[in-house]
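Read through the structure below, which is laid out as structure tokens, and then see the notes.
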Amino acid sequence: MGTVESDKISVSFDGKKCIHARRCVLGLPEVFNPGAKGQWIFPEHADPSEIARLVRDCPSGALTYEMKDGTDAEELPKVNSARLWENGPVEYRGDVRIDGQEPRIRAVICRCGQSKNKPFCDNSHLDAEFEATSDVSAKDDAATLEARDGELSLKPIKDGPLMVSGNLEIIAGSGRKITTGKRFAMCRCGASKNKPFCDGSHKEIGFEAD
């Protein structure tokens, strides 16, 4: 992880989390310039509030920021969500807790089964030509939640699914609600016939993952 500072904001980048969504590069190319020699982040080239806004849009949490005056800190979402990416991973937002990791607000989790950085996505779904729609039909049995935020636990089961515990709204790529609940077994082997949910296919294909 590296940190670059201006007199008003510090921006940190963790390459192990980056999935190259390129929202930073396309949104503020004068700040995020991977083609530059040496460092590639130049926080002095834009208004710090604009940088903060763009960093909060980084889906994987590879980018984080801190204002020097202590203002405009990233806040926890009011609704915990899991957004499905078309033919790709699941983007979680909330008070995300993953075993062995620091708490985070943003995480992109593999569901193709091919990532070499499990449970996180590393774009292996592209080479694998993974197919999984983000436009899953809404579920009629969605639970009614008294609260929509709070701690969200993501626990990968060895050679099995991702167990998600906590208030959660699962949404299509468009933002449409698919279902809500407090406990889900999410497929991470890529073989489920009921994606994004686990249907036990990991046992049939001999899926292996810590």
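Numbered by our numbering, the letters in the sequence shown go through residues -16 to 193 in order.
Every residue, glycine too, gets a C-beta built ideally from N, C-alpha and C.
| What are the boundary residues of the alpha helix (DSSP H) that includes residue 10? | 6 to 10
| Where the beta strand (DSSP E) through residue 90 begins and ends | 87 to 92
| said: For a test of the three-state rule: what should DSSP assign to residue 179, helix, strand or coil? | reply: coil
| request: Alpha carbon to alpha carbon, how far is residue 122 from residue 37? Give it in angstroms, no decimals. | output: 33 Å
| message | Quick check for students: name the residue ranges of the beta strand (DSSP E) that lie wholly in the segment 143 to 182, counting only runs of 3 or more. | response | 145 to 154, 160 to 169
| message | Please give me, in chain order, every unbroken run of the beta strand (DSSP E) with length at least 3 that falls completely inside the segment 12 to 71. | response | 46 to 50, 64 to 67
| task | Grab me the residues of residue 178's own chain with a C-beta within less than 6 Å of its C-beta, minus the 5 sequence neighbours each way, in chain order. | result | 115, 170
| What span of residues does the beta strand (DSSP E) with residue 135 cover, start to end? | 134 to 139
| field | Proximity winner among 67, 127, 41, 74, relative to residue 166 (alpha-carbon distances) | value | 127
| field | Neighbourhood of residue 9 by C-beta distance below 8 Å, restricted to the same chain and skipping five residues each side | value | none
| What residues in its chain sit with their C-beta under 8 Å from that of residue 23, if we drop five residues either side in the sequence? | 15, 16, 17
| message | Under 8 Å, with one C-beta from each stretch per pair, do the segment 132 to 143 and the segment 78 to 88 reach the 3-pair mark? | response | yes
| field | Alpha-carbon spacing of residue 30 relative to residue 186, whole angstroms | value | Cα to Cα, the separation comes out at about 51 Å.
| Under the three-state DSSP convention, the category residue -10 falls into | Residue -10: coil per DSSP, three-state reduction.
| field | Proximal residues to residue -14 (C-beta, below 6 Å), its chain only, five neighbours per side dropped | value | -7, -5
| query | Going by the CB atoms, is the gap between residue 88 and residue 57 shorter than 8 Å? | reply | yes
| request: Starting from the Cα of residue -2, find the closest Cα among 47, 32, 151, 110 and give me that residue. | output: 47
| query | Thinking C-alpha only, which one of 91, 168, 176, 144 is nearest residue 45? | reply | Answer by Cα proximity: 91.
| request: Would you mind working out which of 21, 140, 11 sits nearest residue 32, comparing C-alpha positions? | output: 11
| Apart from the five residues just before and just after residue 60, which ones in its own chain have a Cβ nearer than 8 Å to its Cβ? | 76, 77, 88, 132
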